[in-house]
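Enquirer:
Numbering (my numbering), first residue to last: 31 to 157.
1) Using 8 Å for Cβ pairs, my map puts residue 130 next to residue 68. What's the rounded Cβ distance?
2) Is the Cβ-Cβ distance between residue 83 and residue 110 less than 8 Å?
3) Could you check whether residue 64 and residue 91 sit closer than 8 Å to each other, using their CB atoms as the reference points?
4) Give me whichever residues DSSP pairs with residue 70 in a beta bridge.
5) Do residue 112 and residue 54 have their CB atoms nearer than 8 Å?
6) Under a Cβ-count criterion, where at least 16 other Cβ atoms within 10 Å of its own Cβ denotes burial, should residue 115 be classed as buried or exposed?
7) So who's on the other strand from residue 54, going by DSSP bridges?
8) Shortest alpha-carbon distance to residue 66 belongs to which of 95, 102, 49?
9) Could you check the C-alpha separation between residue 121 and residue 99 for me, to the nearest Å?
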């Protein structure tokens, strides 16, 4: 899918979805249907002292034709410990989900490559 087609799909989905999308609506706007991305519940994010480093990593998703329901599976990381195996994600239809954008060494918070300003070229060193 080209970037223009991806942006058009995002705009269409954003237009059709509610202000607080469920997991299926949120993941459908992402590349690869959100597979491999981390999602957290609003209540977990609101209380980081109670739920530090708690999120679902989406591993598989089956969406119905409407795009608003289906089944989702993932790996739960609860307070920093990742559970073994894949589990069905409960509450995926509720409008309580947010994508967790994490800072890692390879990219910025949006998941793209980290860009840096090029070094300035001195006029004195050129001549």
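Think of the CB as a built atom: it goes at the ideal place given N, C-alpha and C, for glycine as much as any other residue.
Expert: From the atom records:
1) Correct: roughly 4 Å between the Cβ atoms.
2) With respect to the 8 Å criterion, residue 83 and residue 110 are classified as neighbours on the basis of their beta carbons.
3) Result yes, Cβ atoms of residue 91 and residue 64 sit closer than 8 Å.
4) DSSP lists 128 as partners of residue 70.
5) No, they are not a contact pair.
6) Under this definition residue 115 is an exposed residue.
7) Residue 54 is not bridged to any residue.
8) Ranked by how close their Cα comes to the Cα of residue 66, the residues 95, 102, 49 have 102 in first place.
9) If you take the alpha carbons of residue 121 and residue 99, they lie about 11 Å apart.
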